[in-house]
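Engineer: In the numbering used here, the protein residues as written are 1 to 89. Next up is a structure, given as structure tokens.
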């Protein structure tokens, strides 16, 4: 399912609160599975810069934009090492 179609569906959704967040997460999964190839930070940023994302009005559509923003931040986090290298005797 394409990004614009998902946004249109979320814009017409009357969901609020936790139902809006649930719809947004489902929309994100549908979008991520429909993308050709891997979901990259550039792809997420392009979606966030789209007119549909910038003008989101319904609670579900705004929640979807929030999920996209979270995904974009997740790409920016670098994995941390767990402790120091250990010397074996």
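Ideal Cβ positions, reconstructed from N, Cα and C, are used throughout, including at glycine.
1) Compute the beta-carbon to beta-carbon distance between residue 47 and residue 29, rounded to the nearest angstrom, for a pair I have assumed lies under 8 Å.
2) With a threshold of 7 Å on Cβ separation, who are the neighbours of residue 4 within its own chain once the five nearest residues in sequence on each side are excluded?
3) According to DSSP, is residue 12 helix, strand or coil?
4) Can you tell me where the alpha helix (DSSP H) with residue 46 in it begins and where it stops?
5) Enumerate in chain order the residues of its own chain whose CB-to-CB distance from residue 57 is below 8 Å, with the five nearest sequence positions on each side excluded.
6) Can you tell me where the alpha helix (DSSP H) with residue 2 in it begins and where it stops?
7) Where does residue 18 fall in DSSP's three states?
8) Looking at the structure shown, is residue 52 part of a helix, part of a strand, or coil, going by DSSP?
Structural biologist: Reading it off the structure:
1) Counting from one through the chain shown, the residue named residue 47 turns up at place 47. Counting from one through the chain shown, the residue named residue 29 turns up at place 29. Going by Cβ atoms, the distance from residue 47 to residue 29 rounds to 14 Å, so no, they are not a contact pair.
2) The residue given as residue 4 occupies position 4 in the chain shown. Cβ neighbours of residue 4 beyond the five flanking positions: 52.
3) Along the chain shown, one-based indexing puts residue 12 at 12. The answer is coil: DSSP assigns residue 12 none of H, G, I, E or B.
4) Against the chain shown, residue 46 aligns to sequence position 46. Per DSSP, residue 46 belongs to the alpha helix (DSSP H) from 41-48.
5) By 1-based counting over the chain shown, the position of residue 57 is 57. Excluding positions up to five away in sequence, the list reads 11.
6) Locating residue 2 in the chain shown gives position 2, counting from the first residue. That residue, residue 2, is in no alpha helix (DSSP H); it is neither H nor E in DSSP.
7) Numbered from 1 along the chain shown, position 18 holds the residue referred to as residue 18. Per DSSP, reduced to three states, the secondary structure at residue 18 is helical.
8) On the chain shown, residue 52 is found 52 positions in, with the first residue counted as 1. In this structure, residue 52 counts as helix in the three-state DSSP scheme.
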